[in-house]
Structure formats: C-alpha cells, structure tokens
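Visitor:
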Amino acid sequence: MEDSTDIQNFCANYGFHQEYAVNQQLQEMNKQEEEMNVHAAHYAGELSRGKLKLNDLETGSDMDEVPFLSLAPFELLRNNPRRRKNTEGVKVRDVNGGANVHQKLSATQIMRLAGERFIQFSSNKFININNLLHPYGSAFSDLSPEDNQDVELAQILLTAAEKVSDQQYDRARKFLSQCQLLTSNTGNPVQRAVFYFAQALGERIDRETGKLMPKICTETDELNSICVASRFHASYVALHQEVPFTQIVHFTGIQAILESVATKPKVHLIDFLIRTGVQWASLIQAAAERKDDPIEHMKITVIESVNKERVIATGKSLESFANSLNFPFSFKIIFLPDRNQLTEDHFDIKPDEGVVIHAAFFLRAMICIPNCLETAMRVVRRLQPSLMVVSEVEANLNSPLFVNRFIDSLFYYSALFDCLEDVMKRDDQHRMTLEVSYGGGIRNIVGNEGEERVIRSVNLDVWRSFFRRFGMEEVKLSNTCLYQANLIIQQFACRSSCSVDVNGGSFMVSWKGTPIYSTSAWKFH
1 MEDSTDIQNF CANYGFHQEY AVNQQLQEMN KQEEEMNVHA AHYAGELSRG KLKLNDLETG
61 SDMDEVPFLS LAPFELLRNN PRRRKNTEGV KVRDVNGGAN VHQKLSATQI MRLAGERFIQ
121 FSSNKFININ NLLHPYGSAF SDLSPEDNQD VELAQILLTA AEKVSDQQYD RARKFLSQCQ
181 LLTSNTGNPV QRAVFYFAQA LGERIDRETG KLMPKICTET DELNSICVAS RFHASYVALH
241 QEVPFTQIVH FTGIQAILES VATKPKVHLI DFLIRTGVQW ASLIQAAAER KDDPIEHMKI
301 TVIESVNKER VIATGKSLES FANSLNFPFS FKIIFLPDRN QLTEDHFDIK PDEGVVIHAA
361 FFLRAMICIP NCLETAMRVV RRLQPSLMVV SEVEANLNSP LFVNRFIDSL FYYSALFDCL
421 EDVMKRDDQH RMTLEVSYGG GIRNIVGNEG EERVIRSVNL DVWRSFFRRF GMEEVKLSNT
481 CLYQANLIIQ QFACRSSCSV DVNGGSFMVS WKGTPIYSTS AWKFH
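Under the UniProt record's numbering, the residues of the sequence shown are numbered 1 to 525, in order.
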C-alpha cells in the first residue's frame with residue numbers, strides 16, 4: 001500500500017480531487033455564506049405558514065452553537081442537480097382506489113429533504129435533538145408518517161456527521177445513540193442505510209479517539225472471508241437477475257467492441273478484470289455470427305492477481321463454448337500478483353490484430369495504489385488499442401474532505417438500499433448479504449483515512465480529465481448501444497426505476513435519477 005501522502009499528491013496531479021480542491025472549497029464556502037441568508041429566509045417563510053416557527057423552538061441544556069461557515073460543505077445536500085431527476089415520488093392510492101394519499105419517496109429523496117431541513121435548523125445556529133424531532137410544518141404536510149419519521153432520522157444522522165467533522169465526539173455519540181434506537185438492519189431502506197452509516201461514524205470516532213485497535217487477521221478470519229465471498233457471489237447473481245445494471249454495462253461494452261473491430265479479421269481483447277467472464281460468451285456468439293468480414297480468430301487475454309484457478313476455469317468454459325460454435329478462439333492468462341510489473345511485452349500482440357481493452361470496475365481499485373494505475377495507463381498507451389471500454393461506479397467517493405465524502409456516499413448508497421427494497425423482500429438472505437457488503441464499503445469510506453481507505457471512486461468528469469492527460473479522446477457510444485441498453489431495461493420488472501442517460505458520448509445507468517454506473521469508450525488521438 002502506498003503512503004497516503006503519495007496518494008494525495010497523485011490524485012491532485014491527475015484531477016481526482018478537482019471537484020473538491022481546497023482553494024475551490026474556500027471560495028464556495030464564501031459564496032454560500034452569502035447565499036445562506038437567502039435560503040434561511042426562504043425556509044423561515046415555509047415554517048411561518050405552518051405550526052412551527054423558528055422563534056418558538058424550545059431550547060435546553062444540550063443546546064450547542066454551530067459555526068455558521070461549517071455548514072458550507074453540507075450545501076452539497078441541496079446543490080446536487082444531477083440527482084434531481086425523477087423527484088416527485090411514487091403516488092400511493094388508498095385500498096379503496098380513492099384519491100392520492102401521499103407521495104412515496106425514495107431513500108435518496110428522503111436524504112435530500114433531511115439535508116434541506118438540517119440546513120434550515122443549522123442556519124438558526126442552534127441544534128439539539130428535541131428541535132430535530134419537531135413536526136416539519138406545512139412544507140411537508142403531504143408526506144406519509146413513515147416518510148416524516150425517516151426525514152427526522154436522516155437529519156439526526158447528518159447532525160452526527162457534522163459533529164464528527166467538528167471533532168465534537170461526545171455530542172456526536174449522543175446523536176448516534178438516537179440513530180441506534182430508531183434504526184435496524186431489517187427495517188425500511190432509510191433505516192437500513194442510517195444503521196450502517198451510524199456504525200461507520202461510530203467506528204470513525206473510535207479510531208480518532210484511539211479506542212479502535214487494528215485487527216490482526218487470523219486463519220479463522222481468512223476462512224470466514226472465503227465463506228462470505230461465496231455467499232456474496234450467490235447474492236450478486238440473485239441481484240443480477242432482478243436489476244439490469246451490470247447487464248447494461250456488459251452489453252453496451254460488447255456492442256462498442258464489436259463496432260470498433262467491424263472490419264478486423266483478428267481480434268485481441270484484453271480484460272483488466274474479468275470477474276465471472278460470462279459476458280464474453282455473448283461476445284463470442286455475436287462474433288461467430290458475423291457474416292460480413294468474418295472473424296478468423298479471437299483471443300482474450302486476462303490479467304489476474306489473486307485467483308488464478310478461477311480464471312483458468314473461466315477460460316476453459318469460454319473455450320468449450322467457442323468450440324461448440326466452431327469459432328476459432330484462444331484464452332490467455334497473465335498472472336501478476338504485483339500489477340506494477342505489467343508491461344506491453346506480456347500480451348504477445350500480432351501486427352494484424354485489432355486490439356481492444358475492457359476495464360470494468362478496475363481503475364477505481366487502482367486509485368489508492370497510484371503507481372499501479374500509472375503503470376497500467378502507460379501500458380495501454382503503448383498498446384495503442386483501437387478502443388478502450390471503461391465502466392465505473394458513478395460517484396465521488398474520494399474527496400479528501402470528510403463531509404463531502406460522507407454526503408456523496410450517503411446519496412449513492414441510499415439509492416442502492418432503495419433498489420434492494422424494490423426488488424427483494426426485507427427478510428431475503430441475499431439482500432441481507434448484499435447490504436452487509438455495502439456496510440463494509442460505507443465503513444471504509446466514512447470511517448477511514450489515508451492508506452486505510454481503499455474503497456475509492458470518482459465520477460465520469462474526473463475520469464475524462466484523467467484520460468485526456470494520457471492523450472485519449474472520448475468515443476461516442478452509438479445509438480445501437482443506447483437502443484440495446486433500453487431494450488435490456490424493458491425486460492425487468494423494475495424498468496420504471498432504472499434508466500440510461502446520455503452524458504457527452506457516454507452512458508450513465510441510474511436508479512430513480514441517481515447515477516450508479518457509467519460506461520465510456522476511449523481511443524488515442
């Protein structure tokens with residue numbers, strides 16, 4: 001693992017923190033300080049039309065003053081336009097088929113409303129638990145009782161996060177204890193999300209105060225991790241059958257690859273992270289059916305660092321499938337425990353091969369080991385592929401500022417918890433396994449800093465800046481890719497909640513308006 005200073009320097013050099021650069025943050029804070037008076041007046045007007053008025057709030061001994069400028073990072077909760085699509089909620093009718101009773105809000109919408117309410121109370125410079133639990137007034141009169149409770153719960157979580165950011169750990173624990181009383185890992189999606197985020201904040205406090213000691217990995221832990229990995233794979237497959245996220249990513253990539261090698265008699269696909277490799281069976285079948293300019297041979301080269309046996313089994317399965325189609329195919333594994341040792345000589349590129357590179361959810365794992373990321377990109381540049389397809393998590397979970405990272409991860413994971421609520425029962429064991437995995441990611445993102453924070457991702461705009469530094473340009477994904485992506489969505493029961501949006505020349509896969517994954521294609525000038 002690289003030194004945390006090296007990580008920060010590399011990320012700054014390549015734009016991974018450009019959205020949250022410290023000097024930009026200070027400028028934004030100054031700008032937002034002026035704007036918050038306007039926002040505060042607006043919310044005061046909203047409250048004056050209801051039963052609750054700012055001047056009527058009760059005060060108590062637990063009241064603590066909040067610095068006005070400390071709220072600026074939390075403005076991300078309000079100033080987040082890319083997550084404002086599809087925000088009207090789902091209309092719920094009563095059992096007799098009467099008029100609409102209320103709007104059913106998604107978990108992400110709940111978090112945004114909680115953020116607005118949090119800012120409203122904090123703009124008054126005073127927060128205590130009793131204030132947070134007041135009725136919201138006429139502005140939220142259309143919310144169901146459950147949604148109102150969820151807004152209050154999320155607001156308490158945000159207040160705890162603010163206290164952690166200000167290193168007011170005793171006060172933060174008071175709010176986290178409220179979260180623990182009101183949440184469960186078997187409740188609704190908001191309660192589940194808050195449950196795991198509260199855990200993460202608690203662990204962060206313990207680390208900061210020296211109460212959490214590093215865990216020594218034992219042989220039993222290794223065996224348990226293997227069992228958990230096995231259960232997660234089965235749970236991932238179960239999710240794969242209910243939600244089209246990965247299918248869209250895979251088949252969009254396959255279509256883009258086929259288009260880029262449309263006239264090439266020999267194709268060499270380099271996969272930086274194959275995982276199950278099931279999608280390449282579809283690529284092989286599509287290539288075998290190509291009548292114009294038939295493919296004489298296809299080779300897939302895989303880079304693997306951990307589980308060589310699994311990849312060998314995947315290769316044999318693909319070779320068997322290709323043989324059943326009488327399609328000329330070969331499979332090669334480059335086993336490199338240290339990916340920093342990768343060179344272009346490993347790939348045995350032939351002059352008449354059309355080279356394409358597939359990097360799905362691989363580059364984000366390299367952000368915390370920047371020398372490996374640089375090595376990989378230098379090799380890519382020397383290989384000069386006709387196309388490089390990149391799929392990544394579409395979220396900024398790498399800000400050096402804790403508050404920004406907390407809020408972005410809260411939006412992102414809330415959408416995932418909301419998704420599981422719609423496609424799996426609450427007591428489904430696969431759902432529980434997936435959420436435990438999400439909880440591990442949340443704890444790492446929220447609870448750790450420096451080299452211990454290994455789960456990192458950045459959004460498409462940051463990757464664009466990164467690739468351009470290596471002389472790459474974005475390739476527009478075709479209308480055929482978009483058509484196929486939408487066709488896939490229509491095959492799923494959750495089709496009304498899932499969408500593919502065009503962003504520049506790339507695609508974003510979203511859940512109820514919150515981006516989950518992005519897929520983009522690149523080539524060298």
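Yeah, the Cβ is synthetic: ideal placement off N, Cα and C, and Gly gets one too.
Between the segment 442-449 and the segment 198-208, do three or more beta carbon pairs fall short of 8 Å?
Guide: yes
Visitor: Grouping DSSP H, G and I as helix and E and B as strand, with all else coil, what is M111?
Guide: For this step, residue 111 is matched to residue 111 along the sequence shown. Judged by DSSP in its simplified three-state form, M111 adopts helix.
Visitor: In whole angstroms, what is the alpha-carbon distance linking K174 and L401?
Guide: In the sequence shown, the residue the question calls residue 174 occupies position 174. In the sequence shown, the residue the question calls residue 401 occupies position 401. If I take the Cα positions, the gap works out to 23 Å.
Visitor: Under the rule that 16 or more other beta-carbon atoms within 10 Å means buried, what is T108, buried or exposed?
Guide: As a working note, residue 108 is residue 108 in the sequence shown. The residue is buried, with at least 16 neighbouring Cβ atoms inside 10 Å.
Visitor: Who does N503 pair with in a DSSP beta bridge?
Guide: What you label residue 503 is simply residue 503 of the sequence shown in a count that begins at 1. DSSP, once it has assigned bridges, lists S506 as partnering N503.
Visitor: Quick check: the Cα distance between F329 and N323, rounded to an integer number of angstroms?
Guide: Taking the first residue of the sequence shown as 1, we reach residue 329 at position 329. Taking the first residue of the sequence shown as 1, we reach residue 323 at position 323. When rounded, the distance between both Cα atoms is 8 Å.
Visitor: Leaving out the 5 sequence neighbours to the left and right, which residues in its chain are closer than 6 Å to Q191 when beta-carbon positions are compared?
Guide: The residue labelled residue 191 in the question sits at position 191 within the sequence shown. Answer for Q191: T183, S184, listed in chain order.
Visitor: Where does A365 sit, in a helix, a strand or coil, going by DSSP?
Guide: Position 365 of the sequence shown, counting from 1, holds the residue named residue 365. Here A365 sits in helix by DSSP.
Visitor: Mark R495 as exposed unless 16 or more other C-beta atoms lie within 10 angstroms of its C-beta, in which case mark it buried.
Guide: Position 495 of the sequence shown, counted from the first residue, corresponds to residue 495. Exposed: under 16 other Cβ atoms inside 10 Å.
Visitor: Go to F467, then tell me how far its beta strand (DSSP E) extends in each direction, as first and last residue.
Guide: On the sequence shown, position 467 is the one that residue 467 refers to. Not the beta strand (DSSP E): F467 falls in the alpha helix (DSSP H), residues 460-468.
Visitor: Name the DSSP bridge partner or partners of H297?
Guide: Within the sequence shown, the letter at position 297 stands for residue 297. K266.
Visitor: Around the Cβ of D408, are there at least 16 other Cβ atoms within 10 angstroms (buried) or fewer (exposed)?
Guide: Sequence index remark: in the sequence shown, residue 408 carries index 408 (1-based). By the neighbour-count rule (16 or more Cβ atoms within 10 Å), D408 is buried.
Visitor: In chain order, what residues of the same chain lie with their CB nearer than 6 Å to the CB of N371, ignoring the 5 residues before and after it?
Guide: For this step, residue 371 is matched to residue 371 along the sequence shown. Excluding sequence neighbours, N371 sits near N340.
Visitor: What does the Cβ neighbour count give for F121, buried or exposed, with the cut at 16 atoms within 10 Å?
Guide: For this step, residue 121 is matched to residue 121 along the sequence shown. A buried status is given to F121, since no fewer than 16 other beta-carbon atoms sit within 10 Å of its beta-carbon.
Visitor: Taking Cβ positions, are L460 and T252 nearer each other than 9 Å?
Guide: On the sequence shown, residue 460 is found 460 positions in, with the first residue counted as 1. On the sequence shown, residue 252 is found 252 positions in, with the first residue counted as 1. Against a cut-off of 9 Å, the Cβ pair of T252 and L460 comes out as no contact.
Visitor: To the nearest angstrom, how far is the alpha carbon of Q241 from that of V390?
Guide: If you number the sequence shown from 1, residue 241 lands on position 241. If you number the sequence shown from 1, residue 390 lands on position 390. Between Q241 and V390, the C-alpha separation is close to 23 Å.
Visitor: Taking DSSP as the reference, what is the three-state secondary structure of I516?
Guide: Within the sequence shown, numbered from 1, the residue matching residue 516 stands at position 516. Three-state DSSP puts I516 in a strand.
Visitor: Under the assumption that D271 contacts H358 (Cβ atoms under 8 Å), give the Cβ distance between them as a whole number of angstroms.
Guide: Counting from one through the sequence shown, the residue named residue 271 turns up at place 271. Counting from one through the sequence shown, the residue named residue 358 turns up at place 358. Correct: roughly 5 Å between the Cβ atoms.
Visitor: My guess is that L176 and A160 are in contact by the Cβ rule of under 8 Å, so how many angstroms apart are they, rounded?
Guide: Looking up residue 176 in the sequence shown gives position 176. Looking up residue 160 in the sequence shown gives position 160. With 8 Å as the limit, L176 and A160 qualify as a contact, their Cβ atoms being about 5 Å apart.
Visitor: Could you check whether L283 and I254 sit closer than 9 Å to each other, using their CB atoms as the reference points?
Guide: As a working mapping, residue 254 is identified with position 254 in the sequence shown. As a working mapping, residue 283 is identified with position 283 in the sequence shown. Against a cut-off of 9 Å, the Cβ pair of L283 and I254 comes out as a contact.
Visitor: Leaving aside the five residues before and after M472 along the sequence, list all residues of the same chain whose C-beta is less than 7 Å from its C-beta, in chain order.
Guide: Taking the first residue of the sequence shown as 1, we reach residue 472 at position 472. Short of 7 Å from the beta carbon of M472, and not among the five residues preceding or following it, lie these beta carbons of its own chain, in chain order: W522, K523, F524.
Visitor: At the level of alpha carbons, what is the spacing between V355 and Q384?
Guide: Position 355 of the sequence shown, counted from the start, is the residue given in the question as residue 355. Position 384 of the sequence shown, counted from the start, is the residue given in the question as residue 384. If I take the Cα positions, the gap works out to 8 Å.
Visitor: Any idea which residues DSSP pairs E474 with across the strands?
Guide: Translated into positions along the sequence shown, residue 474 becomes position 474. Under DSSP, E474 forms a beta bridge with W522.
Visitor: Mark P515 as exposed unless 16 or more other C-beta atoms lie within 10 angstroms of its C-beta, in which case mark it buried.
Guide: Within the sequence shown, the letter at position 515 stands for residue 515. The residue in question, P515, is buried, as its Cβ has 16 or more Cβ neighbours within 10 Å.
Visitor: Taking 8 Å as the cut-off, does the CB of N503 come closer than this to any heavy atom belonging to the ligand HEM?
Guide: Looking for the ligand HEM in the displayed structure turns up nothing, as the structure carries no ligands at all.
Visitor: At 4 residues or longer, and completely inside the segment 345-409: list those alpha helix (DSSP H) runs for me, N to C.
Guide: 363-366, 370-383
Visitor: Opposite W280 in the DSSP bridges: which residues?
Guide: Within the sequence shown, residue 280 is the residue found at index 280, counting from 1. DSSP output for W280 lists no bridge partner at all.
Visitor: Measuring straight from C-alpha to C-alpha, what distance separates S520 and R364?
Guide: On the sequence shown, position 520 is the one that residue 520 refers to. On the sequence shown, position 364 is the one that residue 364 refers to. Near 14 Å, if we compare the C-alpha coordinates of R364 and S520.
Visitor: Buried or exposed: which applies to E34, given that a residue is buried once 16 or more other Cβ atoms fall within 10 Å of its Cβ?
Guide: The count along the sequence shown starts at 1 and reaches residue 34 at position 34. Only weak support is given to the placement of E34: the predicted model assigns it a pLDDT of 40, under 50, and the value that follows is read from those uncertain coordinates. Answer is exposed; the Cβ neighbour count stays below 16.
Visitor: For a test of the three-state rule: what should DSSP assign to W511, helix, strand or coil?
Guide: By 1-based counting over the sequence shown, the position of residue 511 is 511. Correct three-state label for W511: strand.
Visitor: Roughly how far, in whole angstroms, is the beta-carbon of E421 from the beta-carbon of N188, given that I think they are within contact range, below 8 Å?
Guide: The count along the sequence shown starts at 1 and reaches residue 421 at position 421. The count along the sequence shown starts at 1 and reaches residue 188 at position 188. Indeed, because the Cβ distance is near 7 Å, the residues count as touching under 8 Å.
Visitor: Starting from residue 548, trace the alpha helix (DSSP H) both ways and give me its first and last residue.
Guide: Residue 548 is absent from the structure shown; the chain starts at 1 and stops at 525.
Visitor: Identify whether E304 lies in helix, strand or coil by the three-state DSSP scheme.
Guide: Here the question's residue 304 lines up with position 304 in the sequence shown. Correct three-state label for E304: strand.
Visitor: Does the distance from the CB of A262 to the CB of D293 come in under 9 Å?
Guide: Counted from its first residue, the sequence shown places residue 262 at position 262. Counted from its first residue, the sequence shown places residue 293 at position 293. Yes, the pair counts as a contact, with Cβ atoms nearer than the cut-off.
Visitor: Since S144 is in the alpha helix (DSSP H), which residue starts that stretch and which ends it?
Guide: Working through the sequence shown from its first residue, we reach residue 144 at position 144. For S144, there is no enclosing alpha helix (DSSP H), as DSSP gives it neither H nor E.
Visitor: Comparing C-alpha positions only, which one of Q484, E394, T343 sits nearest to R382?
Guide: Position 382 of the sequence shown, counted from the start, is the residue given in the question as residue 382. Taking R382 as reference, the option from Q484, E394, T343 with the minimal CA-CA separation is T343.
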